[in-house]
Amino acid sequence: QLGFTVTLLAARVLLGAAPGDVRPRSHILLRVDVPGVATPYVADVGFGTVGALLEPIELVAGAELYDAPRHHRLVTVAHEGPLEMWELQAEKGGSWEAQYSFTPEPFERPDFEMINWYVATSPHSPFAQAVYAQRALPDATHRSLAGLDLVETAEDGTIRERVLSGPDEVVQVLEDGFGIHVPEGAELPA
8 QLGFTVTLLA ARVLLGAAPG DVRPRSHILL RVDVPGVATP YVADVGFGTV
58 GALLEPIELV AGAELYDAPR HHRLVTVAHE GPLEMWELQA EKGGSWEAQY
108 SFTPEPFERP DFEMINWYVA TSPHSPFAQA VYAQRALPDA THRSLAGLDL
158 VETAEDGTIR ERVLSGPDEV VQVLEDGFGI HVPEGAELPA
């Protein structure tokens with residue numbers, strides 16, 4: 008027990024969505040209340056993109072976080088509904104890019120069991136079609152694997168891309184490049 012109060016929240020991923028496209032809430036993030044601190048934080052270690060948070064950000068409209076080379080902010084956005092809508096944005100090329108939106112409504116573990124079941128099994132979910140892995144490295148490099156595509160983005164924005172040869176190389180990269188042990192005989196999506 009660390010003494011923090013943690014509330015599960017659910018977000019709609021906006022990154023990559025077409026304008027006006029409404030996606031389901033499929034991403035988990037955490038509201039963290041610290042004893043003796045008036046302002047709560049948003050913590051999110053699972054958003055797999057170069058624009059992901061590496062540190063918690065204050066849950067305050069206009070809050071900005073510089074975690075070099077990343078730059079984020081939280082803003083409130085207009086929407087129809089009784090609860091305040093928040094949007095996490097990442098700076099990219101001098102402008103702000105929406106990552107995801109969320110309301111302060113608490114979600115419970117059973118809610119995420121249903122969400123995760125859909126994300127892992129639906130033929131409409133990209134996560135049921137290919138292996139995905141992301142890792143922020145100590146030197147600020149972001150490593151991502153999407154199917155057979157391995158991409159490393161350096162702190163200065165330099166991108167190295169490589170297409171893996173097949174499932175055996177995917178397993179090797181997961182183990183060596185991400186620290187993920189793949190059990191022998193595991194079947195990977197095509």
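According to this note's numbering, the sequence shown holds residues 8 to 197 in order.
Cβ atoms here follow ideal geometry from the backbone N, Cα and C, with glycine treated the same way.
In three-state DSSP terms, what is residue i?
| i | result |
| --- | --- |
| Arg77 | strand |
| Phe11 | coil |
| Phe134 | helix |
| Glu104 | strand |
| Thr165 | coil |
| Val20 | strand |
Can you tell me where the alpha helix (DSSP H) holding residue i begins and where it ends?
| i | result |
| --- | --- |
| Arg116 | Arg116 to Thr128 |
| Asp156 | Unbroken run through Asp156 is the beta strand (DSSP E), Asp156 to Thr160; no alpha helix (DSSP H). |
| Gln179 | Pro174 to Phe185 |
What is the residue span of the beta strand (DSSP E) that residue i lies within?
| i | result |
| --- | --- |
| Asp40 | Arg32 to Asp40 |
| Glu94 | Met92 to Lys99 |
| Val67 | Note, Val67: premise wrong, no beta strand (DSSP E); not H, not E. |
| Pro152 | In the sequence as displayed, the identity of residue 152 is Leu instead of Pro. Element bounds for Leu152: His149 to Ala153. |
| Glu194 | Neither: Glu194 is in no beta strand (DSSP E) and is coded neither H nor E. |
| Ala143 | Tyr139 to Ala143 |
Check whether the Cβ atoms of residue i and residue j sit closer than 8 Å, and answer yes or no.
| i | j | result |
| --- | --- | --- |
| Phe11 | Val39 | yes |
| Ser108 | Arg19 | yes |
| Ala85 | Glu94 | no |
| Ala17 | Leu37 | no |
| Ala127 | Tyr139 | no |
| Val177 | Leu144 | no |
Quick test of your reading: residue i and residue j, contact by CB under 8 Å. State the CB separation rounded to the nearest angstrom.
| i | j | result |
| --- | --- | --- |
| Glu162 | Asp146 | 7 Å |
| Leu81 | Glu112 | Leu81 to Glu112, Cβ: 16 Å. No contact. |
| Leu66 | Arg77 | So it is not a contact: roughly 18 Å between Cβ atoms. |
| Gly55 | Gln141 | 3 Å |
| Arg32 | Ile122 | 7 Å |
| Phe199 | Ile35 | The chain is shown only over 8 to 197; residue 199 falls outside these bounds and no answer can be derived. |
Next on the checklist: For the structure I just gave you, are there three or more beta carbon pairs, one from the stretch 98-115 and one from the stretch 180-191, closer than 8 Å?
Outcome noted: No, the stretch 98-115 is not in contact with the stretch 180-191.
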